Amino acid sequence: MRFFDSHVHMVSRTTDDYQRMAAAGVTAIVEPSFWQGQPRTEAGTFKDYFNSLIGFERFRASQFGIQHYCTIGLNPKEANNEKLAEAVMELMPLYICKEGVVGIGEIGFDDQTKAEEKYLRRQALLALEADLPIQIHTPHRDKRAGTIRTMDVLEDVGVDPAKVIIDHNNEETVRAVLDRGYWAAFTIYPHTKLGNQRMVEVMMEYGAERIVVDSAADWGISDPLAVPKTAALMKDRGITLEQIEQVTYHNPLAAYGQSGQVSEEDWEGSAGIDPTALFEGNSLLRGGMDVESAMSQYLIE
Amino acid sequence: MRDLLFPILAATAPAPAMTWLGDTVREQESAFQKRPFYYAFSGVSRHFDKRGLIEVSEERSQALDAKVAGFSLEGWDQFRLARVLLLLTLGKQEKTVFLETIAALLDTADLREAAAVYSAFPLLPHQEEFVEASVDGLRSNIVGIFDSIALGNPFPAAHFTAEAWNQMVLKAIFINRPLYRIVGIEERRNPDLSAAVSSLAHERWAAGRTLTPEAWRNCTSPVSDRILTDLEHLLDEGTAADREAAALVIAREEPDRVRHLHEQLEAELDAIAGGSLTWDHLGERLESPIT
C-alpha cells in the first residue's frame, strides 16, 4: 500500500525516518509551516525556514523517493508577536504561489487571542487571493470552542469549507466539522493527541468520507509511521481496504489536490524505490527490516 | 530577445499558458507591481508543464547565439524560459526597483526559480550588479543551480575576475561537469588556472584517482615544465581520452619543445590537423549523465 501523510514536520526528522517511511509505503507528504519549539525573534529566520521547505527538505525527501509538498503560513503561536507577524505577512506572497505549495497552513488558534484571529483572517484572505486550500491547526486547550470559532471566522471571510482541512480533530469536534462541510483530519500522535484505537472508533462511527489521517510527527515524541501503522490497525479491526485507502491516501490527495500543485502523476511515472540504486550498500534494505519490526507494534496510544 | 524567445517557448508550451504569459507581460509592462509580479514568477508552475523541455531548432539556436554569443537553452524546461521572459519585463523597470526585486526573488527562490534568475543575467541590464550573486550561486551543492551559471551562460566569462573564474572551473572539474559547455573556457585560460589543474591532477593521482581529460584544456601555452611532465605521465598511464587531451595541448606548443612526444601521438595529432579531434568533440564524447 502507499500512503499520503498530509502533516509531518520533516525538518525535525532524521534520514532514518525517511528510510523507514519510504519502506513502509509513504509516497507523498505535506510539511506544514509551524513553529519550531522555540519562538523565532527575526522574520529572516522565517524566510530561511520557508526556503528550507521549498528547497533542501524537498531535495532531501526526493533522495528517498518521497514527494515532498508544503503549506506556507504564520502559525498562531507566533502570530502573537505582532511586529514579527507583520514582517512574515510581507514575506508570504513570495512563497504561496510556488511549485509544490499546496496550501496556506498551518494557521488557526492557539490561545485564541485577538492577534491570532487577526492573522487567521488575513491569511484566509491570502488563500482566497491565491486560490489555495487552507490547513487549520486547532488549539490544544479549549479545542471545541476554538474549532467552532475558527470555522466562524473562515466563513465570515468567505472561504469555501470544501477547501479547508481542519486538523487535530477528536471525538468532540468531528461532528461539527463534517456537518459544516470541511475536511476533518486526525493526528495520530502518542500521549497528547489521538491514539489510533480511538481513530478506528471514529471511523466506525463516521465512515471515511472527508476524513484524513496524518502523523504530525515533529520534534516531540511522535511517530512518522503513524499513518501506515494506523492503516494496519484498521485492517486488523475489519475496516474495509477501500475505506483505509480513502483516509490515508485518496482524501488528502483530493483535499490538497485542489491547489493544482499535487497529483498522482508526480509519483506514478517514477520507477519507485530501488534501494540498491539509491544508496551504497543496503541502507534502505536495513530500513526495510527496521520497518518490519516497527510495524509489528502498530498500536499508538 | 523577447521576440526570439517567445516562439521558442510557444513551440512546446500549452496555448493557454502562452496566453497567460503574454497577458501578464503586457500588464506588468504597463503597470509594474511587485506582488502580482511575485505571483506570476512563482505561478509559472501553475500554467506550464513541469516536465516539458524546451526544444530549439538549429536556425533559432543560431539567431540566439548571434544576439548573445554563447547563450544556450540546452537542458532548459518550460518553467525556466517562461520565468526568463518575465524577468526581461522586469529589466525595463527603474534600476532600484529592478535590483530590489531580483534580490528578493533570489533570496526566496526554489531550485528552478534560482536557475531561471541566474540564466537570465546575461540578458538583463545592470549586469555588473550580479557578479556577487553569481559567484555566491556557484557555492550551491545543487548541480542544477551550479549548471545554470556555469554552462551555456556567457555571464561568468564576461564579468568574473580571474580568481572567480578559476574557482568556477575548478569546481566544475571537481563535480564532473562538462567543461566544453562553459562559455569562454578557451579565452579565459590563464597560468594560475593551469597550475591549479596540475596540482589537482597530482592530488588525484596520489589518491589513485583520475581527472577528467577536459581539465587540460585550461592549460596556457607555452606549458610549464611541470605540466610537460604531467602530459608525459598521461601518455604512460592514461586512457585513450587522456592521450587525446595531451595531444590537444601539445598541438598548441612550439614543435621543437615537444618533438619527443610527437612520435607517441602521431594518430591523435593527425586527427587534430584533419579537424576531426577538437576539445569540443572530446568534451561531447565524455559527457555522460551525472550519477
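Here the protein sequences come in this chain order: A and B. Reading the first sequence from the start, the letters are residues 701 to 1001 in my numbering. Reading the second sequence from the start, the letters are residues 1389 to 1679 in my numbering. All C-beta atoms, glycine included, are put in the ideal place defined by N, C-alpha and C. Note that the structure is predicted; figures quoted are calculated from it, not measured.
Among the candidates the options, whose CA atom is the shortest distance from the CA of residue i?
i: residue 708/A; options: 924/A, 961/A, 962/A; result: 924/A
i: residue 728/A; options: 909/A, 956/A, 1001/A; result: 956/A
i: residue 860/A; options: 880/A, 843/A, 779/A; result: 880/A
i: residue 1421/B; options: 794/A, 825/A, 824/A, 844/A; result: 794/A
i: residue 878/A; options: 857/A, 851/A, 898/A; result: 851/A
i: residue 915/A; options: 833/A, 867/A, 747/A, 959/A; result: 867/A
i: residue 1391/B; options: 1474/B, 1546/B, 1632/B, 1552/B; result: 1474/B
i: residue 1609/B; options: 1569/B, 1601/B, 1672/B, 1634/B; result: 1634/B
i: residue 1507/B; options: 1664/B, 1662/B, 1467/B, 1550/B; result: 1467/B
i: residue 1575/B; options: 1533/B, 1605/B, 1436/B; result: 1605/B
i: residue 758/A; options: 840/A, 777/A, 798/A, 782/A; result: 798/A
i: residue 783/A; options: 931/A, 926/A, 741/A; result: 741/A
i: residue 1571/B; options: 1556/B, 1583/B, 1434/B, 1564/B; result: 1556/B
i: residue 1648/B; options: 1598/B, 1623/B, 1402/B, 1599/B; result: 1623/B
i: residue 892/A; options: 917/A, 902/A, 876/A; result: 917/A
i: residue 1462/B; options: 1660/B, 1540/B, 1675/B, 1602/B; result: 1540/B
i: residue 651/A; options: 920/A, 943/A, 710/A, 921/A; result: Absent from the structure is residue 651/A, since the part of chain A shown begins at 701 and ends at 1001.
i: residue 768/A; options: 994/A, 953/A, 997/A; result: 953/A
i: residue 1450/B; options: 1478/B, 1491/B, 1389/B, 1674/B; result: 1389/B
i: residue 1442/B; options: 1456/B, 1457/B, 1569/B, 1472/B; result: 1472/B
i: residue 1645/B; options: 1663/B, 1661/B, 1670/B, 1619/B; result: 1619/B
Cα separation between residue i and residue j?
i: residue 789/A; j: residue 749/A; result: 14 Å
i: residue 1454/B; j: residue 1460/B; result: 11 Å
i: residue 801/A; j: residue 1417/B; result: 27 Å
i: residue 1498/B; j: residue 835/A; result: 22 Å
i: residue 1470/B; j: residue 1409/B; result: 7 Å
i: residue 770/A; j: residue 1625/B; result: 52 Å
i: residue 1637/B; j: residue 792/A; result: 54 Å
i: residue 978/A; j: residue 1579/B; result: Bear in mind that the predicted position of residue 978/A carries a pLDDT of just 40, short of 50, making it too unreliable to give a figure here.
i: residue 763/A; j: residue 717/A; result: 13 Å
i: residue 1667/B; j: residue 1581/B; result: 17 Å
i: residue 1485/B; j: residue 1425/B; result: 12 Å
i: residue 1394/B; j: residue 1542/B; result: 20 Å
i: residue 1632/B; j: residue 1511/B; result: 36 Å
i: residue 846/A; j: residue 1001/A; result: 24 Å
i: residue 963/A; j: residue 1615/B; result: 55 Å
i: residue 938/A; j: residue 786/A; result: 49 Å
i: residue 775/A; j: residue 1423/B; result: 22 Å
i: residue 935/A; j: residue 999/A; result: 12 Å
i: residue 753/A; j: residue 1552/B; result: 30 Å
i: residue 1684/B; j: residue 1494/B; result: Beyond the ends of chain B as shown, which are 1389 and 1679, falls residue 1684/B; an answer cannot be given.
i: residue 1482/B; j: residue 1415/B; result: 16 Å
i: residue 1628/B; j: residue 945/A; result: 56 Å
i: residue 773/A; j: residue 824/A; result: 10 Å
i: residue 1427/B; j: residue 804/A; result: 14 Å
i: residue 1396/B; j: residue 1419/B; result: 26 Å
i: residue 747/A; j: residue 738/A; result: 16 Å
Which chain B residues sit within Cβ distance under 8 Å of residue i?
i: residue 803/A; result: Near residue 803/A there are no residues of chain B at all, since even the closest Cβ is about 14 Å away, more than 8 Å.
i: residue 795/A; result: 1430, 1496
i: residue 747/A; result: 1495, 1496
Based on DSSP bridge pairs, tell me the residues matched to residue i.
i: residue 769/A; result: 730/A
i: residue 914/A; result: 887/A
i: residue 808/A; result: 837/A
i: residue 877/A; result: In DSSP, residue 877/A forms no bridge with anything.
i: residue 1687/B; result: Summary: the structure shown does not reach residue 1687/B, with chain B confined to residues 1389 through 1679, and so no result is reported for it.
i: residue 920/A; result: DSSP output for residue 920/A lists no bridge partner at all.
i: residue 708/A; result: 917/A
i: residue 1410/B; result: According to DSSP, residue 1410/B bridges with nothing at all.
i: residue 1431/B; result: Per DSSP, none; premise fails for residue 1431/B.
i: residue 865/A; result: 835/A, 883/A
i: residue 857/A; result: DSSP, once it has assigned bridges, lists no residue as partnering residue 857/A.
i: residue 1668/B; result: In DSSP, residue 1668/B forms no bridge with anything.
i: residue 894/A; result: 888/A
Residues of chain B with CB under 7 Å from residue i, in chain order?
i: residue 826/A; result: Correct list: empty, because the minimum Cβ distance to chain B is about 11 Å.
i: residue 732/A; result: Residues of chain B passing the Cβ test: none, with the nearest at roughly 17 Å.
Going along chain A in order, which residues have a C-beta closer than 8 Å to the C-beta of residue i?
i: residue 1434/B; result: 797, 960, 961
Can you pull the chain B residues whose beta carbon is under 9 Å from the beta carbon of residue i, in chain order?
i: residue 751/A; result: 1495, 1496, 1497, 1498
Identify the contact partners of residue i in chain A, using a Cβ-Cβ distance below 7 Å as the criterion.
i: residue 1492/B; result: 794
With a threshold of 8 Å between beta carbons, is residue i in contact with chain C?
i: residue 1445/B; result: Judged by its chain identifiers, the structure shown contains no chain C, and its protein chains are A and B.
Q.
To be precise: take each residue of the region 1512-1544 of chain B, compare its Cβ to all Cβ atoms of chain A, and keep it if any distance is under 8 Å. Which residues remain?
A. 1530
Q.
By the 9 Å beta-carbon criterion, what residues does the region 753-766 of chain A contribute toward chain B?
A. 754, 755, 756, 758, 759
Q) Taking Cβ-Cβ distances below 8 Å as the criterion, which residues of the region 1400-1427 of chain B are in contact with chain A? A) 1423, 1426, 1427
Q) the region 1434-1451 of chain B: which residues have C-beta closer than 9 Å to a C-beta of chain A, in chain order? A) Going along the region 1434-1451 of chain B in chain order, one finds 1434, 1438, 1439 with a Cβ nearer than 9 Å to chain A.
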